[in-house]
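What follows is a set of notes on a single structure, which appears directly below.
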Amino acid sequence: MLNLHLTKTSSVARQTSLITFTGKLGNMIGYRRNGKYFLRSAPESVRQTFATCRAARRFGMASRKGALIRSAFMEELDVHCDNSHINRLNKTLIQAGRNNTEAITGFRFNQHTGIDRFFQIAPKLSRDEILHIPAQTLPQAKGITALEVKVVAVRINFAEHRIVNTDAVMITIDLREPFAGAAIPVNVPGKGTLIVTLQVRGMYDECPSANAKYMAADIVAVSVPQIPQLIHKSRYPRQSVLPPYHRTLSVPADNYPAQPVIQRE
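First residue of the sequence shown: 821, per the numbering used here; consecutive thereafter.
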């Protein structure tokens, strides 16, 4: 049984029993504030304005899209995501809007480290869907002898809310030798948005580092399918009318001087 201590307002009560709770219980809501537990009555109805309804719809769409993206990558990524990656991804999608998925380019699954720690010149995805990592001088770290680079590409059909296909390619870069660049093809057939994530892990000889400073997984490219534009043709084409000074005038042939005739040999 709950022991309640009523405050001055009859709709708020303090929980004084040994067993306290938070959340909804019947028509009462338990919550914690400044280390103390309180109860308040749940409203009979919730009035939402147009702005709050629109914000709720945007949040719902972003949450569903974010869950689909995370589900597509989680089975392939070896980097541990931080605890805030779900909220950070949803926030990025909400700010991007409904039809701007490219805005998630640069998103870090591990907010503590990005791929710019390893590649100062960013990789680029070409139109033929090949990820190019330019030749560059790679930074050295104590004990790290190589970089394990994994490209994870997924194609997602957001309209049908499904993951179409997934592809992953892994290479190893020896830090004891100059890096001449790499071109990694991304082969993900199907219709939908192509999202490419680059994962990098520092290697101690043949063992990957467990230090978050040497693990990164960033979304490096997003390719949205182009929607063909429809050209509306009128059944009655507009007739062009030339200005008065562009009109063609008929001049009798006798007014022109005779032109020399060039005979062919």
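In this text, a Cβ means the ideal position worked out from N, Cα and C, and glycines have one as well.
Along the chain, where does the beta strand (DSSP E) containing residue i start, and where does it finish?
i, result
"serine 904", "Run containing serine 904: none; DSSP gives neither H nor E here."
"leucine 838", "Leucine 838 -> no beta strand (DSSP E), and no H or E assigned at all."
"lysine 844", "843-845"
Pull the bridge partners of residue i from the DSSP assignment, please.
i, result
"tyrosine 857", "Arg852"
"serine 1025", "According to the sequence displayed, residue 1025 carries aspartate and not serine. Aspartate 1025 pairs with nothing; no bridge assigned."
"arginine 908", "Partner(s): none; arginine 908 has no beta bridge."
"lysine 944", "His952"
"glutamine 1019", "Lys970 and Ala1037"
"arginine 937", "Arginine 937 pairs with nothing; no bridge assigned."
What residue does the alpha helix (DSSP H) around residue i start on, and which one ends it?
i, result
"tyrosine 875", "The question names tyrosine, but residue 875 in the sequence shown is alanine. Per DSSP, alanine 875 belongs to the alpha helix (DSSP H) from 870-894."
Return the residue from the list the options that minimises the CA-CA distance to residue i.
i, options, result
"alanine 1003", "Gln1046, Asn910 and Leu951", "Leu951"
"lysine 962", "Pro954, Gln956, Ala979 and Leu995", "Leu995"
"arginine 791", "Gln835, Ile983 and Asn910", "The structure shown does not extend to residue 791, since the chain is modelled only from 821 to 1085, so the question has no answer here."
"arginine 937", "Tyr1024, Gln835 and Leu1018", "Leu1018"
"alanine 973", "Val984, Lys856, Arg1021 and Val1008", "Val1008"
"alanine 1036", "Leu838, Pro1028 and Val1042", "Pro1028"
"isoleucine 1168", "Met894, Thr842 and Leu958", "It is not possible to answer for residue 1168, since the shown part of the chain is limited to 821 through 1085."
"glycine 917", "Ser891, Ser946 and Gly880", "Gly880"
"tyrosine 851", "Ala833, Val989 and Glu949", "Ala833"
"methionine 1116", "Asn854, Phe858 and Ile839", "Residue 1116 cannot be examined here, being either before or after the span of the chain that is shown, 821 to 1085."
"proline 943", "Thr869, His900, Gly1001 and Gln915", "Gly1001"
"arginine 890", "Asp1038, Pro1045, Ser1043 and Glu968", "Asp1038"
"glutamate 997", "Ala966, Ala1041, Gly846 and Arg884", "Ala966"
What is the DSSP secondary structure of residue i, reduced to helix, strand or coil?
i, result
"leucine 1014", "strand"
"leucine 913", "helix"
"aspartate 1038", "strand"
"arginine 867", "coil"
"leucine 918", "Reading off the sequence, residue 918 comes out as arginine, not leucine. Residue state, collapsed to three classes: coil."
"serine 831", "coil"
| request: Tell me the start and end of each unbroken beta strand (DSSP E) in the region 946-1007 that is at least 3 residues and wholly inside, in chain order. | output: For the region 946-1007, whole beta strand (DSSP E) runs of length 3 or above, ordered along the chain, are 950-953, 966-977, 982-994 and 1002-1005.
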